[in-house]
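Q: Quick one: structure below, then a few questions.
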Amino acid sequence: MSDADPESAAAGFARIAAGRLAEARWTLAAAAVAIAGVTFAAGGSWLVAIAAIAAVACVAALTPWRTRAMRLAEATAVRSPIDRLSALRLAAAVSDPLVVFDRSATVVQANPAAEAVFGSLRGVDLRLRFRAPEMQELIRQTLDDATHPAPVDYVERAPIERLFRVAASPVGDGTGLFVLVFRDQSEARRIDRMRADFIANASHELRTPLASIAGFIETLRGPARNDPKAQARFLEIMQAQTERMARLIDDLLSLSRLEMKPLAAPGQSADLVEVIAGVADTLTHLAAEAGVVVERNLPAEPVLAAGSRDELTQVFENLLENAIKYGRSGGRVVVSVARAPAQAAGGRPQVEASVRDFGPGISEEHIPRVTERFYRVDAESSRAQKGTGLGLAIVKHILTRYGGRLSIASQPGHGAAFTVHLPAA
Amino acid sequence: MHIVRSFDEDLKYLSGRIAAMGGLAERMVEESVSALVHADETLARKVVADDLLLDIAEREIDEKAIGIIARRQPLADDLREIIGAIRISADLERVGDLAKNNAKRVVAITAAQQPVRVVRGLEALAELALGQLKDVLDVYATRAVSTLASVRERDAQIDAVYTSLFRELLASMMEDARNITPCTHLLFCAKNLERIGDHATNVAETIYYAATAEQLPERSRQDKSHSVTLDVAAR
Numbered sequence: 023m024s025d026a027d028p029e030s031a032a033a034g035f036a037r038i039a040a041g042r043l044a045e046a047r048w049t050l051a052a053a054a055v056a057i058a059g060v061t062f063a064a065g066g067s068w069l070v071a072i073a074a075i076a077a078v079a080c081v082a083a084l085t086p087w088r089t090r091a092m093r094l095a096e097a098t099a100v101r102s103p104i105d106r107l108s109a110l111r112l113a114a115a116v117s118d119p120l121v122v123f124d125r126s127a128t129v130v131q132a133n134p135a136a137e138a139v140f141g142s143l144r145g146v147d148l149r150l151r152f153r154a155p156e157m158q159e160l161i162r163q164t165l166d167d168a169t170h171p172a173p174v175d176y177v178e179r180a181p182i183e184r185l186f187r188v189a190a191s192p193v194g195d196g197t198g199l200f201v202l203v204f205r206d207q208s209e210a211r212r213i214d215r216m217r218a219d220f221i222a223n224a225s226h227e228l229r230t231p232l233a234s235i236a237g238f239i240e241t242l243r244g245p246a247r248n249d250p251k252a253q254a255r256f257l258e259i260m261q262a263q264t265e266r267m268a269r270l271i272d273d274l275l276s277l278s279r280l281e282m283k284p285l286a287a288p289g290q291s292a293d294l295v296e297v298i299a300g301v302a303d304t305l306t307h308l309a310a311e312a313g314v315v316v317e318r319n320l321p322a323e324p325v326l327a328a329g330s331r332d333e334l335t336q337v338f339e340n341l342l343e344n345a346i347k348y349g350r351s352g353g354r355v356v357v358s359v360a361r362a363p364a365q366a367a368g369g370r371p372q373v374e375a376s377v378r379d380f381g382p383g384i385s386e387e388h389i390p391r392v393t394e395r396f397y398r399v400d401a402e403s404s405r406a407q408k409g410t411g412l413g414l415a416i417v418k419h420i421l422t423r424y425g426g427r428l429s430i431a432s433q434p435g436h437g438a439a440f441t442v443h444l445p446a447a
Numbered sequence: 139m140h141i142v143r144s145f146d147e148d149l150k151y152l153s154g155r156i157a158a159m160g161g162l163a164e165r166m167v168e169e170s171v172s173a174l175v176h177a178d179e180t181l182a183r184k185v186v187a188d189d190l191l192l193d194i195a196e197r198e199i200d201e202k203a204i205g206i207i208a209r210r211q212p213l214a215d216d217l218r219e220i221i222g223a224i225r226i227s228a229d230l231e232r233v234g235d236l237a238k239n240n241a242k243r244v245v246a247i248t249a250a251q252q253p254v255r256v257v258r259g260l261e262a263l264a265e266l267a268l269g270q271l272k273d274v275l276d277v278y279a280t281r282a283v284s285t286l287a288s289v290r291e292r293d294a295q296i297d298a299v300y301t302s303l304f305r306e307l308l309a310s311m312m313e314d315a316r317n318i319t320p321c322t323h324l325l326f327c328a329k330n331l332e333r334i335g336d337h338a339t340n341v342a343e344t345i346y347y348a349a350t351a352e353q354l355p356e357r358s359r360q361d362k363s364h365s366v367t368l369d370v371a372a373r
């Protein structure tokens, strides 16, 4: 209320006065009864009694109830943020998943971090959603004794495997509510696994080129000792083999690094048109060398998709490089980007980008498996093309991280189309 | 919500038992594959022992469900729910059996040198089957039956990987007769995983029926945007 407005100031004062009167109503009533009683007993005039009551009422209406110190304390108490902080907001600010449930194990509230990992949980019976035997036991113990059972480890497998240390405890005293707190331990686990996988894969995949190099060295020192022509040829093969080993290690490291990264931060997006055009530019040389024309079927306006620019570049580099190498006999490769046709209700809008070649294609038995690590449709031609067998595994991994997928269509003899489906951003 | 509160509790007990069975079955499949890949006989023995728990749980669910039907004479969706529980528990019990069967083969397979490539394929197949099982059981918890549509698509993917593995194993056996023993066992393992996927699909159909009183729609052949175009190549 501003001072410049006398009417609203008056109205404001009236409201405060009415408030004070209402607050003091019982005391005022008692005072009125007392004054009336005293006046009546003393045989005094009614007018005096009414005047006295009015005076008391006036004082009650005009004077503040609390002392200045009390008012100050109250004002600061109201202003202190911790008192106004709701539990929900606090839970929302926590980056670890928190799930609050009641005595019947029904979820009452799940914070956004929990919904991001486990999907919508509200009203769901916890025992139905977290079925691992350890979790069942943890929930049972929490509900039975309402103490603090020992935390357990829980693995959520999809979309990307995550390991949590889960602790359960009652909330407050006698609220009948309990909370599950999930702490993400995936990183430690990923590092362990990465080490094991790297050693297993590297030792297996490097054995073949190493054996061949060892064989050539033996030949160079023995039968081919005095044959410069053979020596030159063998050295060339050995060089190719060492290059292959180096590439293999690069790709293995790249995949391991990808697998170690935690789930992608949400909200990243990149323009597919720009990414694909950039990839096509960098691969111009390779395409020209292979005698392949890259046709761009790209819209003029940007098409935004979920994903980081760098990682999507890696995806299309792998796909386009494959198309150029393995589909070179077709002489052309078509890259295209489009928004997917509207889906059934509930589905997020998607974008599609495809890389199509007109080479020999892939026969049906290989299609479901080409994204497996080191899976090669034809080991000979893969080796000739300097493939490491990891490219599509990397592509699949990146797409999974952003909630996308790769679909492959091929008719042998007519080429193959690799289509990337990503949520629109 | 029913007027008789204990009826709700009965239903809740049933679904809780089903979920616990599901969790155990998922765990067994996971561990059986892990035992296979890492040649871990101790883990394999644990899977074989765990199967007993699933058998017991199935019997308990059956008895409880029959008891409920006898006492409450449920109708409509309650009846579908209870019959559904009986069917789902039977499917989960089969999943456990298949995992146990895989675990039993661990010794025979790991005795000989196994082709790395096939084992990777088996892992990929297991991942798909487990994903199927998890998604379906998650829907049992959330009752978001609209998401069950993708179940058929994944079933087709599982079949495709299985077919591919089958060819590869045959090729491997023809190459070298010494491969025949481990590859035959691996073939059964692959078949078992494929069957696990089928049982998961069955569970999806049961859940859908219990929730909607309708059959889960067959995959529409025209919808090419959804189906990974594998099936086009397959035909």
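Protein chains in written order, with our numbering: chain S, 23 to 447; chain R, 139 to 373. Ideal placement from N, C-alpha and C gives every residue a C-beta, glycine not left out.
In the structure shown, what three-state DSSP assignment does S:Asn133 receive?
A: S:Asn133 falls in the coil class under three-state DSSP.
Q: Counting Cβ pairs closer than 8 Å, one from the segment 304-313 of chain S and one from the segment 427-435 of chain S, do we hit at least three?
A: no
Q: Which of the three DSSP states is assigned to R:Ile296 in this structure?
A: helix
Q: What did DSSP end up calling S:Glu374 once you bin it into helix, strand or coil?
A: strand
Q: Just to confirm my understanding: we take S:Leu160, look at its own chain, exclude 5 residues before and 5 after, and list those with CB closer than 7 Å. What are they?
A: Annotation for S:Leu160: Pro171, Val174, Val188 and Ala190 place their beta carbon closer than 7 Å to its own, counting only its chain and skipping 5 residues before and after.
Q: Could you tell me the alpha carbon to alpha carbon distance between R:Asp193 and R:Val233, rounded to whole angstroms?
A: 11 Å
Q: For S:Pro324, does the three-state DSSP call read helix, strand or coil?
A: Here S:Pro324 sits in coil by DSSP.
Q: S:Val417 and S:Asn319: beta carbons closer than 8 Å?
A: no
Q: Along the segment 159-170 of chain R, where does the CB come closer than 8 Å to a CB of chain S? Name the residues.
A: Taken in chain order, the members of the segment 159-170 of chain R whose beta-carbon sits within less than 8 Å of a beta-carbon on chain S are Gly160, Gly161, Leu162, Glu164 and Arg165.
Q: Hey, R:Asp293 and R:Thr339 are a contact pair by Cβ (cut 8 Å); roughly how many whole angstroms apart?
A: 5 Å
Q: Interface residues of chain R around S:Glu333 at Cβ under 8 Å?
A: Those within 8 Å of S:Glu333 in chain R number zero; the least Cβ separation is about 22 Å.
Q: Give the range of the beta strand (DSSP E) segment to which S:Val315 is assigned.
A: Counting along the chain, the beta strand (DSSP E) containing S:Val315 begins and ends at Val315 to Asn319.
Q: Using only alpha-carbon positions, find the residue among R:Arg183, R:Asp148, R:Leu230 and R:Met312 that is nearest to R:Ala195.
A: R:Leu230
Q: Residues in its own chain within less than 6 Å of S:Ala366 by CB, not counting five upstream and five downstream?
A: Low local confidence applies: a pLDDT of 48 at S:Ala366 is under 50, so the model's placement there is unreliable, and no value is given.
Q: With 8 Å set as the bound, which would you pick, yes or no: does the beta-carbon of R:Arg305 sit closer than that to a beta-carbon of chain S?
A: Using beta-carbon distances, R:Arg305 counts as an interface residue toward chain S, with a partner under 8 Å.
Q: Would you call the segment 153-163 of chain R and the segment 307-323 of chain R in contact, with 3 or more CB pairs under 8 Å?
A: Between the segment 153-163 of chain R and the segment 307-323 of chain R there are fewer than three C-beta pairs closer than 8 Å, too few to call the two in contact.
Q: For S:Asp206 versus S:Asp118, is the C-beta spacing smaller than 8 Å?
A: yes
Q: Helix, strand or coil for S:Ala447 per DSSP?
A: coil
Q: Flag R:Gly335 as yes if its beta-carbon sits less than 8 Å from any beta-carbon of chain S, otherwise no.
A: no
Q: Does DSSP classify S:Glu394 as helix, strand or coil?
A: coil
Q: Would you call the segment 298-310 of chain R and the segment 385-393 of chain S touching, i.e. three or more CB-CB distances under 8 Å?
A: A contact exists between the segment 298-310 of chain R and the segment 385-393 of chain S.
Q: Taking the alpha helix (DSSP H) that S:Tyr348 belongs to, which residues open and close that run?
A: Arg331 to Tyr348
Q: Look at the alpha carbon of R:Ala173 and the alpha carbon of R:Val186, and state the distance between them as a whole number of angstroms.
A: Just so you know, the alpha carbons of R:Ala173 and R:Val186 end up roughly 11 Å apart.
Q: Along chain R, in chain order, which residues have C-beta atoms closer than 9 Å to that of S:Ala345?
A: Ordered by position in chain R, no residue passes the 9 Å Cβ test against S:Ala345, which lies about 16 Å from the chain.
Q: Can you pull the chain S residues whose beta carbon is under 7 Å from the beta carbon of R:Asp276, in chain order?
A: Result: Arg151.
Q: The beta strand (DSSP E) that contains S:Asp293, what's its start and end?
A: Taken as a continuous stretch (DSSP letters only), the beta strand (DSSP E) holding S:Asp293 covers Ser291 to Asp293.
Q: Which residues does DSSP list as the beta-bridge partners of S:Glu178?
A: S:Arg184
Q: Residues of chain R with CB closer than 7 Å to the CB of S:Glu394, please, in chain order.
A: Neighbours of S:Glu394 on chain R, chain order: Arg258, Gly259 and Ala262.
Q: What do you reckon, is the C-beta of S:Gly352 under 7 Å from a heavy atom of the ligand GTP?
A: The ligand GTP is not part of this structure, which contains no ligands at all.
Q: Just list the alpha helix (DSSP H) runs in the segment 192-224 of chain S, keeping only unbroken ones of 4 residues or longer that don't cross its boundaries, in chain order.
A: none
Q: Taking a contact to mean a Cβ-Cβ separation below 8 Å, would you say S:Ile182 touches S:Thr410 in this structure?
A: no
Q: For S:Arg144, does the three-state DSSP call read helix, strand or coil?
A: coil
Q: Is there a Cβ of chain R sitting closer than 8 Å to that of S:Glu209, yes or no?
A: no
Q: Is R:Ser170 buried or exposed, if buried means 16 or more other CB atoms sit within 10 Å of its CB?
A: buried
Q: Curious, which full-length alpha helix (DSSP H) runs of at least 4 residues does the segment 299-359 of chain R contain?
A: 318-350
Q: Does DSSP classify S:Phe440 as helix, strand or coil?
A: strand
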